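Input: a single structure, listed below in structure tokens.
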Amino acid sequence: MSFDVLRWSVSAALAERPDAPLAALFQGPAQTDPIQTTQTLSNGTEVAFWDYGVIAVTPPASVAATKDVVISCAVHGDETAPIEMVRDMLQDILSERLVPSQRVLFLIANPAAILNNSRFVDVNMNRLFSGAHNQGDTAEHQRASDIERYVSQFFKLKQRYHYDLHTAIRDSKHEQFAVYPFTHGGPYSKQQLTFLAECGVDTILLNRAPTTTFSYYSVQAHKAHAFTVELGKVRPFGQNDMSRFAQADSGLRKLISTAALELREFSPSRHHVYDVCRTINRQAEQFALNFPDNVANFTEFAQGHLLATDGEIEYRVEQPGERIIFPNANVAIGQRALLTVVPIALEQLKLV
Ligand SMILES: O=C(O)CCC(=O)N[C@@H](CCC(=O)O)C(=O)O
Ligand SMILES: [Zn+2]
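Each residue of the sequence shown is one higher than the one before, starting from 1214 at the first, in this note's numbering.
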């Protein structure tokens, strides 16, 4: 397969008409075998297509890369703004307007869900990592397993980063926020908190328990600095105001294209930090949230307020300052239907 075909499939196909032609990248021009080829651009950058939506970019040997950076999107297929960001970065790399000086793995995680205009086809892929993909045989189980293999194949250097880009179903009182997965007692990185803040993500949610999310997988299996980054609200292709993502886009571009990132000094007052206080998994057929769909993430309710009913169980606010995140009554039984968080002072955390 010639590079021109690949270039077309990434640049032209993902450009002005981001909906239909996406298929070209994900399914390959002949819509048969996965794309697997490597080509070198005139500036020496190597672009390797490992599979549909799996693109590894390596700077020329003369540039001593020090960082491995995974930038993923579309773990949820309807979260389109991050897909557009990744598309534009790839286009700019292919046209040599963006010249990476670090190794980068771009992952468009769930192409089938993108083409289906849905969060997922059979199963929420962000519950299938760290081995959970062994518990089923849908295409999403297979893809999560493949993605773990590609990430393992990619990470080589000591400094490892993974930004898994998402958008949230609801509005959020903090429009952009990141989930900092369980570090198993390891310290939180001041440099990463500062980098995220410079990307416009000044709100952090600490999830201090193992999960089956993609970002936790990279922390646990590869000792990467990894985050689920929520950049705004879910909207269909063409309806994203990309100016709202400009700061994150520019931060990520700087990260991959500069030898040493210059960051402002760490300042605790710059960050809003929340600790996950309860994870509520749906248990019954009769599950209902006791607040409307337009209630935003991070909304605080008074102590005792009824948040949800799950069969006979009533979930009420237990602590002052408790707020809701990611409420979703439509999840499958056994899956997370709601998180609650409380503010926590950064000074209480081990930082490095
Ligand atoms: O808006 C929502 O309800 C869901 C947004 C979303 O997809 N969030 C991620 C968070 C992953 C994590 O906890 O690291 C998810 O639910 O998978
Ligand atoms: Zn998502």
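A virtual CB, placed ideally from N, CA and C, is assigned to each residue, including glycine.
This structure is a prediction, so every number in the text was calculated from the model and none was measured.
- Bounds of the beta strand (DSSP E) holding S1285 are 1280-1286.
- Straight-line spacing of the CA atoms in D1281 and S1428 works out to 15 Å.
- When DSSP states are grouped into helix, strand and coil, D1488 belongs to the strand group.
- Per the Cβ contact rule, the region 1390-1399 is not in contact with the region 1278-1293 (fewer than 3 Cβ pairs under 8 Å).
- Here the alpha carbon of A1501 sits roughly 20 Å from the alpha carbon of N1337.
- Where E1353 is concerned, the enclosing alpha helix (DSSP H) starts and stops at 1352-1367.
- Per the DSSP secondary-structure output, Q1372 pairs in a beta bridge with K1280.
- For H1397, the shortest C-beta to heavy atom distance toward ligand 2 is 7 Å or greater.
- Per DSSP, G1464 is one residue of the alpha helix (DSSP H) stretching across 1459-1470.
- Under the DSSP assignment, L1552 falls in the beta strand (DSSP E) whose first and last residues are 1549-1556.
- Residue environment analysis places H1438 among the buried positions, since at least 16 neighbouring C-beta atoms fall within 10 angstroms of its C-beta.
- A distance below 6 Å between beta-carbons, with the five flanking residues on each side excluded, links A1345 to the following residues of its chain, in chain order: T1425.
- R1340 is classed as buried because its beta carbon has at least 16 other beta carbons within 10 Å across all chains shown.
- Secondary structure note for E1527: its beta strand (DSSP E) is the uninterrupted segment 1526-1529.
- In this structure, the CA atom of M1455 is about 44 Å from the CA atom of E1525.
- Along the length of the region 1370-1410, whole beta strand (DSSP E) runs at least 3 residues long occupy 1372-1381, 1390-1393, reported in chain order.
- Distances taken from the Cβ of E1353 to the heavy atoms of ligand 2 include none shorter than 7 Å.
- Where H1438 is concerned, the enclosing beta strand (DSSP E) starts and stops at 1438-1446.
- The region 1445-1464 makes no contact with the region 1362-1375: fewer than 3 CB pairs, one atom from each, lie closer than 8 Å.
- Within the chosen limit of 7 Å, ligand 2 does not reach the beta carbon of H1375 with any heavy atom.
- Judged by beta-carbon spacing, V1276 lies beyond the 8 Å limit of I1268, meaning their Cβ atoms are not closer than that value.
- According to DSSP, residue pairing for T1522 in a beta bridge involves A1501, E1527.
- If you ignore the 5 residues before and after A1461, its C-beta comes within less than 6 Å of the C-beta of C1412, G1413, L1444, all in its own chain and listed in chain order.
- By the criterion of a C-beta distance shorter than 6 Å, A1497 is surrounded in its chain by D1523, G1524, once the five residues flanking it on both sides are discounted.
- In this model, F1395 and V1432 are separated by some 8 Å (Cα to Cα).
- Shown here, V1544 sits in coil according to DSSP, grouped into three states, outside any helix or strand.
- Taking a contact to require three or more Cβ pairs closer than 8 Å, the region 1396-1403 and the region 1293-1311 do not qualify as touching.
- For a cut-off of 8 Å, the C-beta gap from L1519 to N1543 is around 19 Å, too long to register as a contact.
- For D1264, the enclosing beta strand (DSSP E) begins and ends at 1259-1264.
- One alpha carbon belongs to E1361, the other to Q1315, and they sit about 21 Å apart.
- By alpha-carbon distance to D1301, the top candidate from R1466, H1354, Q1404, A1352 is R1466.
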